[in-house]
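Everything in the sequence shown is counted per our numbering, starting at 30 for the first residue and increasing by one.
Idealized CB from N, CA, C, for every residue including glycine.
Please read all numbers here as calculations on a predicted model, not as lab measurements.
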Amino acid sequence: MRLQRISHANEGIEVLPLQPHQMRNDSNQDVEFLVISQPNSKGDCVPL
């Protein structure tokens, strides 16, 4: 499944466990985001 959406300041996005996902910034402005994983996500990332 592929979903695409535009996020705005102070919004959150929930990603269910084991679901492939990525975030992308198509603007010319800096973007900061905070990732909170539960349970610990150490070692589960795959570089693209």
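- Item | Residue from Arg34, Gln51 and Gln33 with nearest C-alpha to Cys74 | Gln51
- Euclidean distance between Cα positions of Val60 and Ala38: Straight-line Cα distance between these residues: approximately 9 Å.
- Message: Please report the straight-line C-alpha distance between Leu63 and Arg31, rounded to a whole angstrom.
- Response: CA-to-CA, the gap between Leu63 and Arg31 works out to about 22 Å.
- Message: Nearest by alpha-carbon distance to Ser36: which of Ile65, Arg53, Gly72 and Pro68 is it?
- Response: Arg53
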